[in-house]
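Heads up: the sequence shown is residues 36 to 228, going by the working numbering.
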Amino acid sequence: MVSQERMILIFLINFFKHFIKKDNNTFLIPKFDKSLDDRFSKKFWHKIKNNNDVFILEGWCVGARPENSIQNLKKPINKLEILEDKKCKWRKKVNKYLNKDYKYLFSFIDLMIYLKIPNFKKVLVWRTLQENKIKYSMQKRSSKLKIMTVNQIKRFIMFYERITKKMLIDMPKFADIIIPIKPNHQPKKIILN
Numbered sequence: 036m037v038s039q040e041r042m043i044l045i046f047l048i049n050f051f052k053h054f055i056k057k058d059n060n061t062f063l064i065p066k067f068d069k070s071l072d073d074r075f076s077k078k079f080w081h082k083i084k085n086n087n088d089v090f091i092l093e094g095w096c097v098g099a100r101p102e103n104s105i106q107n108l109k110k111p112i113n114k115l116e117i118l119e120d121k122k123c124k125w126r127k128k129v130n131k132y133l134n135k136d137y138k139y140l141f142s143f144i145d146l147m148i149y150l151k152i153p154n155f156k157k158v159l160v161w162r163t164l165q166e167n168k169i170k171y172s173m174q175k176r177s178s179k180l181k182i183m184t185v186n187q188i189k190r191f192i193m194f195y196e197r198i199t200k201k202m203l204i205d206m207p208k209f210a211d212i213i214i215p216i217k218p219n220h221q222p223k224k225i226i227l228n
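1. Report yes or no: do the segment 99 to 107 and the segment 127 to 140 share at least 3 C-beta pairs separated by less than 8 Å?
2. Quickly, what does DSSP pair residue 68 with across the bridge? List them, please.
3. Look at residue 163 and residue 188 and say whether their C-beta atoms are less than 8 Å apart.
4. Would you give the residue range spanned by the beta strand (DSSP E) that residue 81 belongs to?
5. For residue 41, count neighbouring Cβ atoms within 10 angstroms of its own Cβ and tell me buried if that reaches 16, exposed if not.
6. What does the Cβ neighbour count give for residue 152, buried or exposed, with the cut at 16 atoms within 10 Å?
7. If you count every other CB in all the chains shown that lies within 10 Å of the CB of residue 171, and 16 or more means buried, which is it?
8. Measuring only the C-alpha atoms, how far is residue 110 from residue 210?
9. Determine the extent of the beta strand (DSSP E) in which residue 150 is found, giving its start and end residues.
10. Please return the same chain residues whose Cβ sits closer than 7 Å to the Cβ of residue 183, not counting the five positions on each side in sequence.
11. Might you give, ordered along the chain, the residues of its own chain that have their beta carbon closer than 8 Å to the beta carbon of residue 59, omitting 5 neighbours on each side?
12. Going by DSSP, what residue range makes up the beta strand (DSSP E) through residue 207?
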């Protein structure tokens with residue numbers, strides 16, 4: 036059985052292969068509903084014809100690079116890694132994907148823009164704000180909302196902490212454009228590399 040993450044990765048790679056060829060295929064691009072933590076049904080997906088010059092791939096860890104040192108991977112950086120990844124199995128698997136599959140996916144990117152957060156602590160603050168916005172804007176629409184509590188958010192972001200902190204160091208070195216974000220969510224400036 037193929038995991039959902041693997042299916043998304045395969046979909047994106049295939050999409051970019053066809054996008055580059057400029058074949059006249061039409062694509063259905065999934066639309067994600069954060070309030071339900073799942074994709075919308077296919078009738079709400081975006082239907083696009085492959086006649087575009089630009090496609091933007093946006094995501095929390097787009098462009099992330101693997102850890103070069105196994106020693107760095109072995110040192111747990113948060114409670115999740117200490118308690119639930121004692122043998123470094125998950126960290127090694129993620130690193131393997133970043134080194135191979137995601138490296139290949141990211142090779143399709145012609146221009147990398149990095150929105151640089153002030154620090155990792157802001158991830159918790161901003162993700163909590165995001166969950167609250169979803170909660171207040173969507174509560175009349177559905178009773179199936181999957182809004183996380185603060186403790187669930189803390190756990191959730193621990194899965195991405197290692198990658199996010201590494202990106203704070205790596206991305207300014209190789210991204211084409213870096214946009215530092217102020218604590219109030221506003222861009223500070225634009226840096227061209």
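Just so it is clear, CB atoms sit at the ideal spot from N, CA and C, and this is done for glycine as well. Because the structure is a prediction, the values reported are computed rather than measured.
From the atom records:
1. With contact defined as three or more Cβ pairs closer than 8 Å, the segment 99 to 107 and the segment 127 to 140 are in contact.
2. Partner(s): 73.
3. yes
4. 81 to 84
5. exposed
6. buried
7. Residue environment analysis places residue 171 among the exposed positions, since fewer than 16 neighbouring C-beta atoms fall within 10 angstroms of its C-beta.
8. 27 Å
9. 148 to 151
10. 166, 191
11. Cβ neighbours of residue 59 beyond the five flanking positions: 84, 85, 86.
12. Segment 185 to 209 is the alpha helix (DSSP H) holding residue 207; no beta strand (DSSP E) there.
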